[in-house]
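Line order of the protein sequences matches chains A and B. Heads up, the first sequence is in this note's numbering, so the first residue is 3 and it goes up one at a time. Heads up, the second sequence is in this note's numbering, so the first residue is 3 and it goes up one at a time. For glycine and all other residues, C-beta sits at the position ideal for the given N, C-alpha and C. Being a predicted model, the structure only gives us computed values, none of them experimental.
Number of protein chains: 2
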Amino acid sequence: MHSGAPIRALVFDAYGTLFDVHSISIACEAMFPGRGADISRLWRTKQLEYTWLRSLMDRYADFETITRDALVYACGALGLELAQSNALGLIESYRQLSAFSEVKDALAAMHSRKRAILSNGSPAMLNTLVEHAGMSRLFDAIISVDELKMFKPHPSVYGLATRYLGVSASEIGFVSSNFWDVSGASSFGFRTFWINRNNSQPDELGFEPVAVVRRLDELLPYLN
Amino acid sequence: MHSGAPIRALVFDAYGTLFDVHSISIACEAMFPGRGADISRLWRTKQLEYTWLRSLMDRYADFETITRDALVYACGALGLELAQSNALGLIESYRQLSAFSEVKDALAAMHSRKRAILSNGSPAMLNTLVEHAGMSRLFDAIISVDELKMFKPHPSVYGLATRYLGVSASEIGFVSSNFWDVSGASSFGFRTFWINRNNSQPDELGFEPVAVVRRLDELLPYLN
Chain A
3 MHSGAPIRAL
13 VFDAYGTLFD
23 VHSISIACEA
33 MFPGRGADIS
43 RLWRTKQLEY
53 TWLRSLMDRY
63 ADFETITRDA
73 LVYACGALGL
83 ELAQSNALGL
93 IESYRQLSAF
103 SEVKDALAAM
113 HSRKRAILSN
123 GSPAMLNTLV
133 EHAGMSRLFD
143 AIISVDELKM
153 FKPHPSVYGL
163 ATRYLGVSAS
173 EIGFVSSNFW
183 DVSGASSFGF
193 RTFWINRNNS
203 QPDELGFEPV
213 AVVRRLDELL
223 PYLN
Chain B
3 MHSGAPIRAL
13 VFDAYGTLFD
23 VHSISIACEA
33 MFPGRGADIS
43 RLWRTKQLEY
53 TWLRSLMDRY
63 ADFETITRDA
73 LVYACGALGL
83 ELAQSNALGL
93 IESYRQLSAF
103 SEVKDALAAM
113 HSRKRAILSN
123 GSPAMLNTLV
133 EHAGMSRLFD
143 AIISVDELKM
153 FKPHPSVYGL
163 ATRYLGVSAS
173 EIGFVSSNFW
183 DVSGASSFGF
193 RTFWINRNNS
203 QPDELGFEPV
213 AVVRRLDELL
223 PYLN
């Protein structure tokens, strides 16, 4: 089912890949009835845009700041008044996301390999997230882009994983639900797997994953 | 109305700033009745995303290639079959955009200063566009990011304008309808003007323009 060197380590994106961001939409809907889906969609779009734009501008701000800025934009663009307490509550919801139902067992089944998270999230956000989900012992490393002051998909970010894990790029299996993240990781030299939970359209960035799966446990056959 | 050194040169973004991209939406609607607005919105979103992502990935492709890739994505995501002839026709429409009605007279009125275009567009796209609009004699330089293999808002792109015009950053007035472009140019050190034709929400990227106007001719009082 695969070719080349064995996969010695697995590196996972966090938001949307291991952790379900759907509860964000529910929290938005509770605060702004009828507008939850609009807010969460625009909020996420701008959150990503700001990571890319600030990286290119060489004006890094951490992911929590960017998440807050994107929320301010989204509410402003939709003509909604964002109270300070609501903003704090919504940002806080990013720290307490649930893992997708199959994630914990699937990660445990991959125990013979090094496992790590590589995320745009700030260290404080990621550590809280993993502890809250009771998954701290499932990872050899929780790696934030923060030390580089640069977001995905800059190659240096993917390079962090090779350094932390002591494994070369071609021996790393990289797993993300974001196709652009898969593209960046493929471009860097990782063996990539796209988790396409919602039948999304792949981006046209010149790079393809090794395989596409719908859930994390569907990765296991590719690791034999 | 302004402070600091006089503005010795004016640098303009092209698409959406000087040239009206609305005809793209009309062409989309003609090919895919009822879906024109959806296509053109998603197409534009992905076109910009791909410029940022490829810049960060260090995988430059020229703007015409990216524009075509983004169109392929948009039609795929919307479940629409894109014939090769339709793709070529839509890409071609980018070469023949009309200038906004006030642009030619406003540029002529700014003749005492150097004037340039600084755009993500490829040299071939930009030259055709400016010639088609009969505006070749109104510019001292038509500058494409292509020679750097990097898109806006990377600082090096704005640096091109200082080099081509022989004017320092603080003496350049930069004009764009894209707030993120204004942010990148402000971060670089230009005096920036945001053309907000459609009452859009400003992005939260930590930089503000010197002034906001609704049309190009409203810039003139700031240049006295």
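Residue i - partner residues in DSSP beta bridges
i: B:V215; result: B:I197
i: B:S121; result: B:S146
i: A:F14; result: A:I119, A:V177
i: A:F21; result: A:Y17, A:A101
Straight-line Cα distance separating residue j from residue i
i: A:A110; j: B:N122; result: 47 Å
i: A:P8; j: A:S170; result: 11 Å
i: A:D71; j: B:P204; result: 11 Å
i: A:D60; j: B:W54; result: 13 Å
i: A:A76; j: B:F190; result: 26 Å
i: A:L99; j: A:N201; result: 22 Å
i: B:V105; j: B:L218; result: 6 Å
i: B:H37; j: B:L80; result: In the sequence as displayed, the identity of residue 37 of chain B is Arg instead of His. For B:R37 and B:L80, the distance between alpha carbons rounds to 9 Å.
i: A:F34; j: A:E210; result: 38 Å
i: A:G161; j: A:H24; result: 30 Å
i: B:R216; j: B:A85; result: 38 Å
i: B:A187; j: B:F176; result: 7 Å
i: B:G78; j: B:S95; result: 20 Å
i: B:D107; j: B:A143; result: 18 Å
i: B:T164; j: B:I174; result: 8 Å
i: A:Y62; j: B:S158; result: 17 Å
i: B:S57; j: B:K154; result: 9 Å
i: B:F2; j: A:G208; result: Shown here, chain B extends from 3 to 226; a query on residue 2 of chain B therefore has no answer.
i: B:E220; j: A:V13; result: 52 Å
i: A:R139; j: A:K116; result: 12 Å
i: B:M3; j: B:R10; result: Caution is warranted here: a pLDDT of 45 is assigned to B:M3, below 50, making its placement in the model unreliable, and the coordinate value is therefore given only provisionally. When rounded, the distance between both Cα atoms is 16 Å.
i: A:L128; j: B:A29; result: 46 Å
i: B:S27; j: B:L90; result: 15 Å
i: A:R97; j: B:L167; result: 49 Å
i: A:E283; j: A:E66; result: Past the boundaries of the shown model lies residue 283 of chain A; chain A is included only from 3 to 226, so the question cannot be answered.
i: B:F141; j: B:T69; result: 25 Å
i: B:Y52; j: B:V147; result: 15 Å
i: B:A16; j: A:M112; result: 51 Å
i: B:L225; j: B:A213; result: 12 Å
i: B:F192; j: B:Q49; result: 25 Å
i: A:W45; j: A:A126; result: 21 Å
Short CB-CB distance (under 8 Å) between residue i and chain B
i: A:Y75; result: yes
i: A:W196; result: no
i: A:H113; result: no
i: A:D205; result: yes
i: A:F199; result: First, the amino acid is wrong: residue 199 of chain A is Arg here, not Phe. Answer no: the Cβ-Cβ gap between A:R199 and chain B never drops below 8 Å.
i: A:L55; result: yes
is_contact[residue i, chain A] using C-beta, thresh 8 Å
i: B:A58; result: First, the residue type needs correcting, since residue 58 of chain B is Leu and not Ala in the sequence shown. It does; some Cβ of chain A falls within 8 Å.
i: B:W45; result: no
i: B:L120; result: no
i: B:G208; result: yes
i: B:L225; result: no
i: B:R61; result: yes
i: B:L218; result: no
i: B:L131; result: no
i: B:Y166; result: no
Residue i Cβ short of 7 Å to the ligand FMN heavy atom set
i: B:T53; result: Looking at this structure, you won't find the ligand FMN or any other ligand, since it has none at all.
> In chain order, what residues of the stretch 168-189 of chain B put their CB closer than 9 Å to some CB of chain A?
Replying inline: W182, S185, G186, S189
> the stretch 138-163 of chain A: which residues have C-beta closer than 7 Å to a C-beta of chain B, in chain order?
Replying inline: P155, H156, P157
>> Taking contact to mean 3 or more Cβ pairs, one atom from each stretch, closer than 8 Å, check whether the stretch 176-183 of chain B and the stretch 193-204 of chain B are in contact.
In response: yes
> Counting pairs of beta carbons, one from the stretch 15-34 of chain A and one from the stretch 124-139 of chain A, are three or more of them closer than 8 Å?
Replying inline: Segments in contact, yes.
> Taking a cut of 8 Å between CB atoms, which residues from the stretch 64-98 of chain B lie near chain A?
Replying inline: D71, A72, V74, Y75, G78, A79
> What are the residues of the stretch 16-35 of chain B that lie near chain A, defined by any Cβ-Cβ distance shorter than 7 Å?
Replying inline: none
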